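So the sequence shown is numbered by full-length UniProt numbering: it starts at 1 and just counts up by one.
Where a beta carbon is used, it is the ideal one built from N, C-alpha and C, also for glycine.
A quick note: this is a predicted structure, and the numbers were derived from the prediction, not measured.
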Amino acid sequence: MKTHTYWLFSGLLLVSSACDTDFLDPKPQGVLAETLLTTSKEGVDGLVAMAYSSLDTHFEGMWPDFFHPPSNWSFADMRSDDAYKGGGGTGDIIEYHQLEIGEISANNMTLEKKWRSNYIGIANINKAIRALNGIADSQFPNKKAQLAEMRVLRGYFYFDLKKHYYTFPYIDETVADADLGTVGNTLTSEQLWQKIEDDFRLAIADLPATQVQKSRANKFVAHAFLCKAYVFQRKWQPALEQANLVTNSGLYGLLDNFEKVYSLPEFEHGPEFIFSIAHSITDGSPVGNLNWGDLLNSPVSPAYTAGDGFHRPSQNLVNAFKVDANGLPLFDTFNQTNLAPSDVTTPVDPRLDHAIGRPTIPWKDYKAGVYTLSWARGAEVYGPFSKKKNIISPNSPLRAAIGFPWALGALDFPLIKYTDLLLWKAEALVELNQLEEARQIVNQIRKRAADAPNVLKLDGSGPAATYKIGLYPTSGWTQDYARRAVRFERRLELCLEGHRFYDLVRWGEADAVLNRYLQEETRTRPFLAGAKFLKNKHEYLPLPQSEIDRSKGIYVQNEFYR
Numbered sequence: 001m002k003t004h005t006y007w008l009f010s011g012l013l014l015v016s017s018a019c020d021t022d023f024l025d026p027k028p029q030g031v032l033a034e035t036l037l038t039t040s041k042e043g044v045d046g047l048v049a050m051a052y053s054s055l056d057t058h059f060e061g062m063w064p065d066f067f068h069p070p071s072n073w074s075f076a077d078m079r080s081d082d083a084y085k086g087g088g089g090t091g092d093i094i095e096y097h098q099l100e101i102g103e104i105s106a107n108n109m110t111l112e113k114k115w116r117s118n119y120i121g122i123a124n125i126n127k128a129i130r131a132l133n134g135i136a137d138s139q140f141p142n143k144k145a146q147l148a149e150m151r152v153l154r155g156y157f158y159f160d161l162k163k164h165y166y167t168f169p170y171i172d173e174t175v176a177d178a179d180l181g182t183v184g185n186t187l188t189s190e191q192l193w194q195k196i197e198d199d200f201r202l203a204i205a206d207l208p209a210t211q212v213q214k215s216r217a218n219k220f221v222a223h224a225f226l227c228k229a230y231v232f233q234r235k236w237q238p239a240l241e242q243a244n245l246v247t248n249s250g251l252y253g254l255l256d257n258f259e260k261v262y263s264l265p266e267f268e269h270g271p272e273f274i275f276s277i278a279h280s281i282t283d284g285s286p287v288g289n290l291n292w293g294d295l296l297n298s299p300v301s302p303a304y305t306a307g308d309g310f311h312r313p314s315q316n317l318v319n320a321f322k323v324d325a326n327g328l329p330l331f332d333t334f335n336q337t338n339l340a341p342s343d344v345t346t347p348v349d350p351r352l353d354h355a356i357g358r359p360t361i362p363w364k365d366y367k368a369g370v371y372t373l374s375w376a377r378g379a380e381v382y383g384p385f386s387k388k389k390n391i392i393s394p395n396s397p398l399r400a401a402i403g404f405p406w407a408l409g410a411l412d413f414p415l416i417k418y419t420d421l422l423l424w425k426a427e428a429l430v431e432l433n434q435l436e437e438a439r440q441i442v443n444q445i446r447k448r449a450a451d452a453p454n455v456l457k458l459d460g461s462g463p464a465a466t467y468k469i470g471l472y473p474t475s476g477w478t479q480d481y482a483r484r485a486v487r488f489e490r491r492l493e494l495c496l497e498g499h500r501f502y503d504l505v506r507w508g509e510a511d512a513v514l515n516r517y518l519q520e521e522t523r524t525r526p527f528l529a530g531a532k533f534l535k536n537k538h539e540y541l542p543l544p545q546s547e548i549d550r551s552k553g554i555y556v557q558n559e560f561y562r
């Protein structure tokens, strides 16, 4: 289905289009009267579906989507030590190159795109909430549950604004259209966090434990998001309590094969996925409800006919997968030497070759050859490695096409995975000095990696490289060591999934880690020469200058960029 709505101030007065069939059967396109949209069950159902479809931020056609990807690869991975921009050189989407090297301006076009994509989503959600509030319970029996779902979605969008911009105007369903131009970004950080928490907290009471339509938010999705909000504020005891509610639900667990997690849409509603952005190839729209924000990120490979080669793993990230004789990470020494592109003898964590494409290693279920240097676009600038995880298998029947749009298909993108939540729980336990339970959680994740099938040689005769992974022993598991282990595990388990930069910021490590990374990585990737991270500034993005100008002085630039 494709529907249309008009948005308000700033993102404002844009026409947004949304495609989704998880909750509505495809229907002929048409213009529904405003009264029908907001007073009929069918119309309100359509507004709820539009709110959900806002998660993919597909509002302006497929081409602009990669300027504001919901995966946040360009705002979280590329700005961290995990990834480079990639593509056809530093001038290919120069705005992203500027973000990568720390030349951050309020006039950067991608900042405006990101801002607007969030507010268009919020507008769609507020419209759905108003319609739900206005329809009779007898006409809409599941009204309370759907209102709660809308709160979860709104909390998610405002959370995204919080971790990117720090300050922003908060607009809910009670703000009349005539008053939109009067709402400034005057709330304190604490007040904004409270608003975000409130949406998740209030949703919990009215949500079911499970949903028939698996892509909808349930009670434990709200608990997981509330846990995340507490973690970002270092509220460890309530974070632990929320995490426990999810882990004790019995609904979630770890899949036994990484390809089920990263490559195969058939398993996207499995127990490892708490909440995801739904994608499909049969939603009734001309181009499909695909992950257009990640269109550019597949390698230039025969496996997908072609590709654009953005979102490229850093040498530093590849090095982080090296292990010691016990199969444990090398916290302090992993980056002293580079793992060579075709090195298959140095012991590495087996997750490396599920997450990253490197020469001589097979690529998913592609049988015509192994990954080679020729797959890496602009290798002379960005090196030989490519992102591998969260890209559909080449032979999947749920790929969109053989050819363009390359590696897009019906593979959902996970916003919260069970491993993510487990590591928040472990982090809270460490900070609360409950160290043994934290160790068990980290080892649970590492044991899955040890037991899961390895990437095999092309002929299936054995592992494609030398894989080794061990469990943490009780000896030496002090609070400081446990903290380092949990943080390192987050990097290994969740790399290239849009988390790393935000983790470094909330840990207070961004300045030290990123400036050391930039200094060291320049020796391998000279394009980073002169790049910088400025403490107490680059942790957040400036408000887009275009939005400040449109507000006629109502919006004030955040304190880090005045």
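- Item | Beta carbon of residue 572 nearer than 8 Å to that of N443 | There is no way to answer for residue 572, as the model of the chain reaches only from 1 to 562.
- Query: Taking DSSP as the reference, what is the three-state secondary structure of R399?
  - Reply: R399: strand per DSSP, three-state reduction.
- Message: Which complete alpha helix (DSSP H) runs does the stretch 296-330 hold, if anything under 4 residues is left out?
- Response: Inside the stretch 296-330, DSSP marks whole alpha helix (DSSP H) runs of 4 or more residues at positions 315-320, from first to last along the chain.
- Task: Give the DSSP-derived three-state secondary structure of A123 in the structure shown.
- Result: Here A123 sits in helix by DSSP.
- Item | Given D412 as reference, the closest of G270, M50 and I94 once Cα atoms are compared | G270
- Query: In whole angstroms, what separates the C-alpha of R523 from that of G307?
  - Reply: About 27 Å.
- Terminal residues of the continuous beta strand (DSSP E) containing Y230? Y230 -> not in any beta strand (DSSP E); alpha helix (DSSP H) instead, spanning K219 to F232.
- Residues that K387 bridges to, as DSSP identifies them: K387 pairs with I356.
- Task: Would you decide whether G155 is buried or exposed? Buried here means 16 or more other CB atoms lie within 10 Å of its CB.
- Result: buried
- Message: Please return the same chain residues whose Cβ sits closer than 6 Å to the Cβ of T466, not counting the five positions on each side in sequence.
- Response: T345 and P347
- Item | Contacts around A51, its chain only, beta-carbon distance under 7 Å, and the 5 residues preceding and following it disregarded | N124, I125, A128, M150 and L153
- Message: For the beta strand (DSSP E) containing residue 642, name the first residue and the last one.
- Response: The question about residue 642 has no answer here: the residues shown for the chain are numbered 1 through 562.
- Message: I'd like the ranges of any alpha helix (DSSP H) spanning at least 4 consecutive residues and lying wholly in the stretch 511-553.
- Response: 545-550
- Message: Please state the DSSP three-state secondary structure of S263.
- Response: coil
- the stretch 386-402 contacting the stretch 472-490, beta-carbon criterion three pairs below 8 Å: no
- Shortest alpha-carbon distance to G181 belongs to which of L55, K552, K537 and R491? K552
- Item | Close Cβ partners of Y561 (< 6 Å) along its chain, the five nearest in sequence each way excluded | P542
- Residue burial classification, V44 (beta-carbon count within 10 angstroms, cutoff 16): buried
- Message: To the nearest angstrom, how far is the alpha carbon of G460 from that of L264?
- Response: 20 Å
- Task: Out of S215, T38, D549 and T57, state which residue places its alpha-carbon closest to the alpha-carbon of G134.
- Result: T38
- Take A529 and list the residues in its own chain whose beta-carbon comes closer than 6 Å to its own, dropping the five residues that flank it on each side. T522
- Could you tell me which residues DSSP puts in a beta bridge with V152? Paired residue(s): none; V152 is not in a bridge.
- Message: I want to know whether the stretch 72-80 touches the stretch 92-109 - three or more CB-CB distances under 8 Å.
- Response: yes
- Query: How many Å lie between N108 and S249 at the Cα?
  - Reply: Inter-residue distance for N108 and S249 is about 44 Å (C-alpha atoms, whole angstroms).
- How many Å lie between V513 and L504 at the Cα? 8 Å
- Message: Does V246 pass the burial test, meaning 16 or more other C-beta atoms within 10 Å, or should it be called exposed?
- Response: buried
- Query: With contact counted as at least three CB pairs below 8 Å, one residue from each stretch, are the stretch 311-324 and the stretch 436-450 in contact?
  - Reply: no
- Query: Taking the alpha carbon of I274 as the point to measure from, which residue in D343, R79, D420 and V430 has its own alpha carbon closest?
  - Reply: D420
- Three-pair Cβ contact test at 8 Å for the stretch 326-344 versus the stretch 396-410: With the rule of 3 Cβ pairs closer than 8 Å, the stretch 326-344 does not count as touching the stretch 396-410.
- Query: alpha helix (DSSP H) containing A203: first to last residue?
  - Reply: S189 to I204
- Decide if F334 is buried, meaning its Cβ has at least 16 other Cβ atoms within 10 Å, or exposed. buried
- Cα-Cα separation, Y252 to H279: Going from the Cα of Y252 to the Cα of H279 covers about 21 Å.
- Item | Coarse secondary structure for L134, derived from DSSP in three states | The amino acid occupying residue 134 in the given sequence is Gly; Leu does not appear at that position. Reduced to three states, the DSSP call for G134 is helix.
- Message: Between F66, P70, D81 and F488, which has its C-alpha nearest G87's C-alpha?
- Response: F66
- Item | Length-filtered (4 minimum) alpha helix (DSSP H) runs lying within the stretch 397-456 | 418-431 and 435-451
- Query: Taking three-plus beta-carbon pairs below 8 Å as touching, is the stretch 353-361 in contact with the stretch 373-387?
  - Reply: By the Cβ test, the stretch 353-361 is in contact with the stretch 373-387, since at least three Cβ pairs between them sit closer than 8 Å.
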